[in-house]
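Worksheet: one structure, shown below.
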Amino acid sequence: MASRKRTVRVFSLLVMILQLEVQVRSQQQPQQDHSTSGGEQLNFGVGGGGAQDMFTSATQDLMDEMFQRGEGVIQRGAGVEKTSPELVGNLLFQPSLLDFVERSIGDPHNQVVILINRHKSRSVVLGSISGSTPDFYSSYFKEIVIPPEGNTSFNVVFLPRQLGATAGSIEIHTSFGLLQYQVKGEGIECPYRLRPLVGLQAPLNATLTPEISLYNPHDTALQIVEIYSSGGNFQLELPSGAQEGPQALWEIPPHTTRSVIRVRFHGKTAGNHTAYVRIKISGGSEEPTLVDKMLVVPIEIEIFKHTGLYSRTPFLDLGIGGMKENVTKLSINLTNSGDTQFSIRRWGAHLSDMELIKATKVQVFHPAQFRHVLNIEIDWTKVVSDRKNISGEFFVGYEEYEGLRDESSYHYHRIPFYGQVLKGKLNYDADVLRFLTSGEASEQNLQTPRLLVIRNKFHVPLSISNISVPENCSRNFRVEGFRPKIIQPDQEETLLRMSRLLTDNLNRSIATYIRLMTNVTEYDLPVYSYTGKLKRILPFSTTTFRPPSDYEALDLDERELNFGILPIATIGETLVAFFNENPVEIAIRH
Numbered sequence: 001m002a003s004r005k006r007t008v009r010v011f012s013l014l015v016m017i018l019q020l021e022v023q024v025r026s027q028q029q030p031q032q033d034h035s036t037s038g039g040e041q042l043n044f045g046v047g048g049g050g051a052q053d054m055f056t057s058a059t060q061d062l063m064d065e066m067f068q069r070g071e072g073v074i075q076r077g078a079g080v081e082k083t084s085p086e087l088v089g090n091l092l093f094q095p096s097l098l099d100f101v102e103r104s105i106g107d108p109h110n111q112v113v114i115l116i117n118r119h120k121s122r123s124v125v126l127g128s129i130s131g132s133t134p135d136f137y138s139s140y141f142k143e144i145v146i147p148p149e150g151n152t153s154f155n156v157v158f159l160p161r162q163l164g165a166t167a168g169s170i171e172i173h174t175s176f177g178l179l180q181y182q183v184k185g186e187g188i189e190c191p192y193r194l195r196p197l198v199g200l201q202a203p204l205n206a207t208l209t210p211e212i213s214l215y216n217p218h219d220t221a222l223q224i225v226e227i228y229s230s231g232g233n234f235q236l237e238l239p240s241g242a243q244e245g246p247q248a249l250w251e252i253p254p255h256t257t258r259s260v261i262r263v264r265f266h267g268k269t270a271g272n273h274t275a276y277v278r279i280k281i282s283g284g285s286e287e288p289t290l291v292d293k294m295l296v297v298p299i300e301i302e303i304f305k306h307t308g309l310y311s312r313t314p315f316l317d318l319g320i321g322g323m324k325e326n327v328t329k330l331s332i333n334l335t336n337s338g339d340t341q342f343s344i345r346r347w348g349a350h351l352s353d354m355e356l357i358k359a360t361k362v363q364v365f366h367p368a369q370f371r372h373v374l375n376i377e378i379d380w381t382k383v384v385s386d387r388k389n390i391s392g393e394f395f396v397g398y399e400e401y402e403g404l405r406d407e408s409s410y411h412y413h414r415i416p417f418y419g420q421v422l423k424g425k426l427n428y429d430a431d432v433l434r435f436l437t438s439g440e441a442s443e444q445n446l447q448t449p450r451l452l453v454i455r456n457k458f459h460v461p462l463s464i465s466n467i468s469v470p471e472n473c474s475r476n477f478r479v480e481g482f483r484p485k486i487i488q489p490d491q492e493e494t495l496l497r498m499s500r501l502l503t504d505n506l507n508r509s510i511a512t513y514i515r516l517m518t519n520v521t522e523y524d525l526p527v528y529s530y531t532g533k534l535k536r537i538l539p540f541s542t543t544t545f546r547p548p549s550d551y552e553a554l555d556l557d558e559r560e561l562n563f564g565i566l567p568i569a570t571i572g573e574t575l576v577a578f579f580n581e582n583p584v585e586i587a588i589r590h
């Protein structure tokens, strides 16, 4: 509470300083204000309908104050006079229209607006402020008086919540009447891949635990300086559930995504609940433009009056898909927030077009009585259009157990989702990871390191942050020379060197892999060691079926064809089959 009071005092002091500054300026330049409209005389770096961005610590405190108030700015003024067009015409905004142009989701932008009173003899009293859209926030006036031919300022913050254009208005109640100030902006993709947690719904007594992930788009490590929530009912905890973590947890390597915080909310009361999670990041000395940069994630949750089924993860971030042979599979446990048992009657997905409908499969699984699991599968190979993202919501419809199956009595739980579509692939020569141990292969050739070269066929940088080598790979192969790499689009880099160890199993087939951790997905590159020899199967029967395991276990590799005793001029026939016990295809050329 004391911290809250200190913040309010700082905000009040800032407003008083701004008032004093603009009043002194209006007294020092009365003649200039007389002869012009007032807009061109104030040099605030305004041009083209936009205002100059301010990123000082004072304005960050002001933004914090506005975010902490949440919907507090959406209130109507009382005791203002009826709008007088003649008097309102004396009030002028600079700029006349506030255009934030393109701003990324989760990245708030604060701009200063000047309000000028051109009346020569009457002061104007500013009342409350109200906004028409939650994407725009304004600092709050408390009976600020603008003297004749004076001016004052207020701040407007644009925090995009969705892609595309957004427009609205800021209404200011004054003693001259009601003023409307037009604001607009356009939300674009967040380079840090933050997603607003808005439009979430859950039944009464539900406990929601959404996680916030952050992607580092820079070529250097990103440091998380501070994270806090504005709402007292929204508790922050580490994704692991622990209260403290190592320093490395707060550092995100280049081009890597990491879950940084979990928000825990318990829906004790029905209604709408809002909060903001602020994440302060820094790029260190190598990124001087990223000194205490602030990112904001808005949270809006509606709690129903009834108990019911819900998912503790109220929003699904599907990450990046669209690569060849890439399928996302999710299993979501549904929790009951009350004592009444429910039966699920309907389930599915609300999607925007037929392409997504074909790519998505939703099923409900019941591993035990009154236990419900929502299984979701998205086949990215069926997303063939040039779209950059997919979105929609999964849903389940349920009613009380042994109910009348009346759809009008169904309750619905909806889980919104979002995913990015990234076309492209990672290219490499698969033969580099295939080791033939017989024939022309020599021990020297097997021990000669091979270079694994990776080519990036995506349109974004490919960051390979780490590799994982399982035990059966490290026991038979030498992997060396790996360093984290950032490969630009359509470029290639040597990732590592690899050779075969001369173990006692050179005559055996080995199938293993090397796992690459990248900013796109995890890749398992197959690694094989094999003799290339085929096993002859004599005699071979087309009527008696044998599974492949029988051919591996039995010694059927006969070296002679025995036709027995045949009469003269009789053609003897038999079938010869070859069993391939190698982990790769073998071509028979002669």
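FYI, full-length UniProt numbering numbers position 501 of the sequence shown as 501, with every residue one higher than the one before it.
Just so you know, even glycine gets a beta-carbon here, dropped at the ideal spot from N, CA and C.
Boundaries of the beta strand (DSSP E) in which residue i is found, first to last residue
i	result
residue 320	316 to 321
residue 380	Careful: residue 380 lies outside any beta strand (DSSP E) and carries neither H nor E.
residue 145	144 to 146
residue 349	342 to 350
residue 423	Run containing residue 423: none; DSSP gives neither H nor E here.
residue 369	Residue 369 -> no beta strand (DSSP E), and no H or E assigned at all.
residue 175	Per DSSP, residue 175 belongs to no beta strand (DSSP E) and is neither H nor E.
residue 304	No beta strand (DSSP E) holds residue 304; DSSP gives it neither H nor E.
residue 390	389 to 400
residue 138	136 to 138
Host alpha helix (DSSP H) of residue i (start-end)
i	result
residue 357	354 to 359
Three-state secondary structure assigned by DSSP to residue i
i	result
residue 85	helix
residue 409	helix
residue 153	strand
residue 55	For residue 55, the predicted structure reports a pLDDT of 42, less than 50, and the residue's modelled location is therefore unreliable. The matter cannot be settled from this model.
residue 430	helix
residue 573	coil
residue 585	coil
residue 286	helix
residue 333	strand
residue 182	strand
residue 446	helix
residue 312	coil
residue 296	strand
residue 41	Only weak support exists for where residue 41 lies, its pLDDT of 27 falling under 50; the coordinates are left without a value.
residue 536	strand
residue 452	strand
residue 169	strand
residue 373	strand
residue 328	strand
Proximity below 8 Å, CB of residue i to CB of residue j
i	j	result
residue 103	residue 188	yes
residue 146	residue 126	yes
residue 529	residue 499	no
residue 437	residue 374	no
residue 319	residue 419	yes
residue 284	residue 218	no
residue 460	residue 422	yes
residue 212	residue 296	no
residue 192	residue 228	no
residue 372	residue 362	no
residue 351	residue 360	yes
residue 313	residue 239	no
residue 616	residue 197	Residue 616 lies beyond the residue range present for the chain, which begins at 1 and ends at 590; the question has no answer from this structure.
residue 432	residue 446	no
residue 470	residue 503	no
residue 289	residue 338	no
residue 156	residue 183	yes
residue 254	residue 487	no
residue 222	residue 261	no
Cβ-heavy atom distance, residue i to the ligand GTP, below 7 Å
i	result
residue 85	The ligand GTP is not among the ligands present in this structure, which contains no ligands whatsoever.
Whole beta strand (DSSP E) elements within the stretch 91 to 127, 3-residue minimum: 91 to 94, 98 to 104, 109 to 117
Beta strand (DSSP E) segments (min. 3 residues) lying fully within the stretch 460 to 525: 462 to 468, 477 to 480, 485 to 487, 492 to 500, 510 to 518
At least 3 beta-carbon pairs within less than 8 Å: the stretch 507 to 523 vs the stretch 462 to 474: yes
3 or more residues per run - each beta strand (DSSP E) lying fully within the UniProt domain "TMEM131 second Ig-like" (191 to 280): 197 to 202, 211 to 215, 222 to 229, 234 to 237, 257 to 266
Any 3 or more C-beta pairs closer than 8 Å across the stretch 263 to 273 and the stretch 286 to 302: yes
Three-pair Cβ contact test at 8 Å for the stretch 84 to 98 versus the stretch 114 to 132: yes
Stretch pair the stretch 119 to 133 + the stretch 202 to 219: three plus CB contacts closer than 8 Å: no
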